[in-house]
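Notes to accompany the following structure.
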Amino acid sequence: MQSRFGVKDFFTILLLLAVLISVWLSMTQRTRMELAIESIRVKLGEMERQDALLQRQIEKGFASGVPVAAGAAPAAAAAQTDDAWARPGVAVTRWATPAPATDPTGVPGFAIGGEFTEIFEAQPAKLVPYIQSDVYGTRVLDRVCESLGSFNPKTLKMEGALADAWQIDPDGLWIRAHINPRARFSDGARVTAEDVRWTYLDFIGNPLIEAERSRSTQDNLKTVKVIDEQTVEFEFKEPFFTNTLIAFGNPVLPKHWYSKFEPSQINQGTGLMMGSGQFKLQQLPSGPDNIDVQWTPGTDVVLVRNEQYWAEKPPLERLRFKVVSDELGRLVSLRNGEGSMILPSSPQFNKVLREDADFEKAFYALKWVNMRCGYSFIAWQCGPRAGKGLTPFHDARVRRAMTMLLDRERMIRDIWDGIGIVSKGPMNPESPASDPALKPLTFNPDRAKALLAEAGWKDRNGDGILENEAGDKFTFEYTYATGGEISERLARFVKDSFTNAGILVTTRPVDWSRYQDLLKLRDFDAITMGWGNNAPESDPRQIWHSESTREGGDNFIQWRNADADALIEQGRRSMVESDRMLVWRQLEAVIAEEQPYTFVRVAPWLRFVDRRFGNVNMYRSGLQPEEFFRTSVPAPAY
Amino acid sequence: MATYLIRRLLLMIPTVLGITLMVFLIVALAPGGIGAGLAVQGGQVSDTSKVAQMQAYMEDRYGLNDPVVVQYGRWIARVCPVRFGTTSLESPSGDRIAVPRELPELPMQWAFPAPATFEVTFTPQSGDALIEEFRTLQRDAEGRRRTYVGSVRAFKDALADHVRVLGDPWTARLDPKGGADPTNFRDLPLGGGQPTPVPADAAATWAKVNAAAAQMHQAWSLAEEARQRATIAFAARPFPPAGVEVIRDVVSIDSPDFGVAFSRNRPVWDLIKTALPVTMLINLIAFPIIYLVAVPTGVLASIRRGGVADIASGFLFLLLYSVPVVLAGVFAIGFLANNQYLGWFPVSGLHDSAQATMTFLPYTDPSSVWHRGWLLDTVWHLALPVLCLVYGGFAVLSKQTRASMLDNFNADYVRTARAKGVPRKDIVISHVLRNSLLPLITMFVGIFPAMLGGSVVVERIFTIPGMGSLVIEAINLRDRELILANTFMISSVSLLALLLADILYALCDPRVAYE
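Protein chains in written order, with my numbering: chain F, 10 to 647; chain B, 58 to 572.
So, in structure tokens, the structure goes:
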């Protein structure tokens with residue numbers, strides 16, 4: 010083997026060098042191009058802002074350009090009260106153009122611009138209205154799309170958003186809404202009655218679109234009619250109070266944009282979300298030709314301010330939603346300034362505040378109960394388990410005793426580090442449906458023992474375990490989901506509490522995916538779970554009515570109570586809110602008396618928010634990022 | 058050699074089929090079932106029975122109510138590139154449109170005779186009008202099918218109620234879930250259309266059963282009509298056929314279809330297409346580092362056996378090997394990435410949030426501010442995940458190298474070579490190392506499936522949207538299509554890698570031959 014540098018080697022090296030040099034050149038060329046593109050992008054954003062400003066001024070100019078004669082003001086007022094669209098004889102409720110619940114401009118340090126980054130624990134699977142199903146997608150949807158109405162953050166009353174007026178049939182069979190003539194989608198097109206009709210009948214109602222979940226919640230909707238360009242009417246099969254939620258609570262989609270896509274493209278889309286909200290997705294295709302432009306999971310969700318927004322625009326320029334799946338990673342991201350808001354867990358919340366005295370100087374540590382707070386509970390099997398024998402819990406006295414045997418104050422202190430309040434019933438404590446005078450059952454083992462004895466359970470043979478008359482020992486199985494330290498500790502606490510009272514408890518940890526099966530088959534004695542919430546009131550029928558003990562119903566404990574049934578039927582047909590709230594309070598009292606669940610804890614919302622953002626208010630409806638502003642806006646840090 | 062290769066490749070087909078069947082069975086038989094991901098919470102639904110009807114429709118839509126073997130057969134038929142039966146069409150957006158499905162059979166026809174069958178005939182339009190017509194018909198067919206499936210469920214519920222009133226001996230046959238199984242009530246005194254005495258207290262429920270049956274029959278007729286119309290329009294081919302048609306509506310060839318992941322409602326292939334490059338990128342950086350560090354260290358350790366290098370490297374690598382990745386990841390985030398401590402690296406993700414506006418190369422702008430650019434930013438983000446992937450991999454490989462080197466050092470031919478005065482460098486490199494490669498090959502081919510699998514722990518800690526996160530989520534949600542596609546891919550690659558190993562054996566070691 011001789012190594013000699015020949016002509017061939019020379020050319021090989023030459024070729025290699027040429028390739029390397031051209032790669033390098035193409036890389037620098039790409040860098041140059043990107044700089045050019047970036048400058049164009051900045052200019053475009055500037056132009057869009059100026060354009061929106063001009064439009065605003067033109068609109069104002071027209072308004073003020075009209076000779077301001079004595080009759081001008083009444084004429085404008087008359088235009089507002091023109092009820093030609095309304096059904097005669099039924100009261101019209103009017104709404105002002107939506108405005109922030111707390112005006113940010115009055116808050117010290119107010120500035121326009123800046124980016125707010127919320128850190129999610131998991132990736133939203135997709136951002137397509139009505140097809141997405143996770144909580145993360147909903148948080149984005151709330152910023153991008155608007156419905157005819159929305160809950161007032163302070164009062165929790167349904168108020169007009171896209172609608173500037175509506176009529177509700179006193180008999181509850183129809184609702185007519187008038188859309189604010191100023192309302193525009195983020196591409197500048199007007200929001201019309203046809204968009205509303207199309208959303209309900211041709212988007213949600215299209216069986217080729219996989220919006221089955223939304224479709225089934227609207228089975229009471231008979232039809233949606235276009236009355237005129239700005240007026241739409243909903244007709245319903247039955248008079249239920251949820252009709253207003255169906256009509257006012259669903260985002261209105263732009264027909265002209267969504268109808269460009271085939272149903273399969275919408276089904277498989279990941280970022281097809283467009284509406285009339287204060288923010289819009291940064292990446293949005295204009296049609297099927299550039300459908301690849303849409304957001305895909307794995308990247309940050311970036312919302313930019315909708316410069317075309319038809320009411321007051323938000324101060325922030327961008328909202329970013331990024332994902333950090335590790336709990337510590339989320340906290341570090343917040344501290345490093347890579348995120349502006351995280352959702353700490355209960356232990357983390359207290360731990361950070363305990364260990365770092367300076368934490369609250371840089372961050373708000375928010376903890377409050379709002380309408381979106383759910384509750385956790387232990388459900389008792391009131392009917393036959395899996396169609397076989399009855400459990401001891403068919404007796405309400407036993408269920409009351411079980412609740413009294415659990416020291417829930419201590420549970421919250423020991424298991425959740427003191428975060429949370431004792432739950433007294435299914436109604437959210439912030440909601441008017443919950444009676445503030447009703448207090449949860451107190452921890453009282455003696456009273457519990459007496460109740461158990463009354464129901465026939467006492468220690469008859471002195472072995473420390475309760476027996477009934479037939480000599481059967483009081484024993485039951487406690488089912489809980491595996492994979493969480495909290496649920497393990499809860500299970501131990503429950504077992505200890507009941508064992509002390511002479512009740513034999515076996516614990517059955519099962520995988521969460523099996524829960525559905527167990528609930529469906531009603532195959533458990535006691536099971537622990539939680540219910541979520543996202544509105545001030547919800548229809549209790551699905552969980553508490555005896556009809557819901559059938560398959561498909563969520564009354565998996567098979568609790569049947571004639572009083573509750575009657576109250577549920579009465580309440581859901583009661584269209585007057587104040588009357589209905591009284592009915593719900595009665596229902597709450599019945600449930601509290603019967604204790605089909607032992608209500609354990611209402612989990613408050615926990616948030617850490619960067620103090621560089623102002624106007625962060627804890628509302629009864631949650632948070633309103635539309636109102637936040639960044640006090641000082643430094644240049645991007647990279 | 059060629060025959061050997063062909064035999065091995067052919068043998069792979071049944072092996073892959075066997076693997077997928079096993080996985081399919083495990084997923085299908087797992088408690089909780091695959092339907093759990095589809096389960097629907099009632100929420101604001103006004104009527105409980107509507108939820109059950111909707112669930113019935115979902116099961117029908119995804120074919121979950123068929124026997125497991127049938128479902129597996131359907132999966133194979135979709136994945137197999139050779140398709141039999143009516144050719145699917147390809148819409149302009151690239152979607153495959155299959156021929157409208159037959160309706161599920163009407164239950165209890167022995168007691169409630171089915172309506173007369175009928176043949177719909179009409180001439181579909183042509184051109185663009187046909188496309189429009191077909192879309193409308195398709196939508197109608199699906200909508201009416203949904204109504205029909207729901208009405209079957211409502212009928213079964215009504216029947217179950219009736220049976221409950223009739224009492225034993227039939228109630229024993231009721232499924233605790235409700236929704237009676239009609240095959241269980243063949244001896245129920247319903248009569249084949251003849252008036253049968255129904256006990257007075259069951260008259261109300263019997264009337265409801267009849268009403269539900271009438272409604273079901275009506276829904277069936279409507280759905281059947283819509284289905285036939287859609288089928289006729291389909292046969293007129295509004296869109297071109299998908300793939301290559303060999304014999305019209307008998308055999309065609311098309312790319313494998315891995316279906317739609319129902320946990321995310323996206324095509325499985327799309328999900329893999331976005332996750333795979335991420336995992337491959339990390340592994341393509343990590344594996345060379347492992348090999349470049351571990352193999353030379355192993356060689357060195359075997360040459361200086363018992364020396365400082367041997368003991369130190371063995372100690373260090375084993376120490377690293379014993380640190381769990383979870384712990385290392387948390388330390389990395391808590392100290393290396395935390396601005397309170399070192400803050401050298403980013404916490405999560407693959408790119409900075411400003412990546413869209415980044416230049417590719419580092420760049421100093423006119424005001425002499427340095428921007429790191431996309432390339433360096435990516436390297437910077439990858440540093441911690443790659444570190445976590447790499448550190449535990451040194452020990453096994455370097456020990457393996459060292460052991461097989463030592464084996465060969467003690468072999469006769471090395472002693473001979475040494476005796477005849479071959480330079481030590483040549484002995485180590487061209488004799489010992491070359492002969493020590495065989496065990497390394499076995500380990501090397503294991504890389505390929507690992508590259509597709511991704512690392513669950515590292516991906517989770519550093520929020521990297523790779524294959525590991527995808528698969529673990531699919532398993533948690535019992536997303537069968539996604540699990541199957543993954544298994545299929547990884548098992549195919551594993552088998553190919555094993556074949557590659559065998560070929561490499563033959564190349565490295567002249568003693569190995571496949572004849």
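Ideal placement from N, C-alpha and C gives every residue a C-beta, glycine not left out.
Work out the CA separation of residue j and residue i for me, nearest whole Å.
i	j	result
residue 198 of chain B	residue 283 of chain B	5 Å
residue 231 of chain B	residue 257 of chain B	22 Å
residue 328 of chain B	residue 315 of chain F	30 Å
residue 220 of chain F	residue 588 of chain F	34 Å
residue 38 of chain F	residue 298 of chain F	28 Å
residue 102 of chain F	residue 542 of chain F	27 Å
residue 264 of chain B	residue 171 of chain B	18 Å
residue 187 of chain F	residue 244 of chain F	15 Å
residue 578 of chain F	residue 550 of chain F	8 Å
residue 528 of chain B	residue 540 of chain B	7 Å
residue 258 of chain F	residue 167 of chain F	9 Å
residue 564 of chain F	residue 552 of chain F	5 Å
residue 398 of chain F	residue 97 of chain F	59 Å
residue 24 of chain F	residue 461 of chain B	40 Å
residue 306 of chain F	residue 330 of chain B	12 Å
residue 40 of chain F	residue 416 of chain B	5 Å
residue 97 of chain B	residue 235 of chain F	Bear in mind that the predicted position of residue 97 of chain B carries a pLDDT of just 46, short of 50, making it too unreliable to give a figure here.
residue 194 of chain B	residue 181 of chain B	11 Å
residue 546 of chain F	residue 219 of chain B	35 Å
residue 642 of chain F	residue 123 of chain F	Note that residue 642 of chain F scores 49 on pLDDT, short of 50, meaning its location in the model is unreliable; the coordinates nonetheless yield the value given after this. Straight-line Cα distance between these residues: approximately 6 Å.
residue 576 of chain F	residue 448 of chain F	21 Å
My guess is that residue i and residue j are in contact by the Cβ rule of under 8 Å, so how many angstroms apart are they, rounded?
i	j	result
residue 391 of chain F	residue 566 of chain F	5 Å
residue 406 of chain F	residue 288 of chain F	In fact, because the Cβ distance is near 54 Å, the residues do not count as touching under 8 Å.
residue 227 of chain F	residue 213 of chain F	6 Å
residue 618 of chain F	residue 373 of chain F	4 Å
residue 630 of chain F	residue 165 of chain F	6 Å
Could you pull out every residue in the same chain whose Cβ sits closer than 8 Å to the Cβ of residue i, ignoring the five residues on either side in sequence?
i	result
residue 420 of chain F	499, 502, 609, 610
residue 140 of chain B	134, 300, 308, 309, 310, 311
residue 394 of chain F	400, 531, 532, 533, 534
Leaving out five residues before and five after residue i in sequence, what residues of the same chain have Cβ atoms less than 6 Å from its Cβ?
i	result
residue 403 of chain F	391
residue 358 of chain F	615
residue 413 of chain F	450, 453, 456, 457
residue 343 of chain B	443, 446, 447
Note down, in chain order, each residue of its chain lying with its Cβ closer than 7 Å to the Cβ of residue i, except the 5 sequence neighbours on either side.
i	result
residue 586 of chain F	none
residue 404 of chain B	390, 394
residue 171 of chain F	155, 156, 157, 188, 189, 192, 200, 261, 285
residue 137 of chain F	275, 278, 281, 282
So does the region 115 to 133 of chain B actually touch the region 66 to 83 of chain B, counting three or more Cβ pairs closer than 8 Å?
yes
Below 7 Å between beta carbons is the criterion; list the residues of the region 128 to 159 of chain B that meet it against any residue of chain F, in chain order.
148, 150, 152
What residues in the region 300 to 315 of chain F bring their beta carbon closer than 9 Å to a beta carbon of chain B?
The region 300 to 315 of chain F vs chain B, Cβ under 9 Å: 300, 305, 306, 307, 308, 309, 311.
Selection of the region 405 to 425 of chain B by Cβ proximity to chain F, strictly under 8 Å
Those residues of the region 405 to 425 of chain B placed with their C-beta closer than 8 Å to a C-beta in chain F are 405, 406, 409, 410, 411, 414, 415, 416, 417, 418, 420, ordered along the chain.
Should the region 486 to 496 of chain F be called in touch with the region 520 to 533 of chain F, which here means at least 3 C-beta pairs below 8 Å?
yes
Identify each residue in the region 140 to 162 of chain F for which the Cβ-Cβ distance to at least one residue of chain B is less than 7 Å, and report them in chain order.
140
Check whether the region 421 to 439 of chain B and the region 549 to 563 of chain B are in contact - that is, three or more C-beta pairs closer than 8 Å.
no
I'd like to know if the region 502 to 516 of chain F and the region 433 to 444 of chain F are in contact, where contact means that at least 3 CB-CB pairs between them fall below 8 Å.
No, the region 502 to 516 of chain F is not in contact with the region 433 to 444 of chain F.
Evaluate contact between the region 219 to 231 of chain B and the region 196 to 210 of chain B, counting only Cβ atoms and requiring at least three cross-stretch pairs below 8 Å.
no
Are the region 381 to 388 of chain B and the region 439 to 452 of chain B touching, with three or more C-beta to C-beta distances below 8 Å?
yes
Given a limit of 8 Å on CB to CB distance, which residues of the region 187 to 201 of chain B reach chain F?
195, 196, 199, 200
At a Cβ cut of 8 Å, what residues of the region 296 to 323 of chain B count as close to chain F, listed as they run along the chain?
317, 320, 321, 322, 323
Is the region 502 to 520 of chain B in contact with the region 330 to 341 of chain B, if contact means three or more CB pairs nearer than 8 Å?
yes
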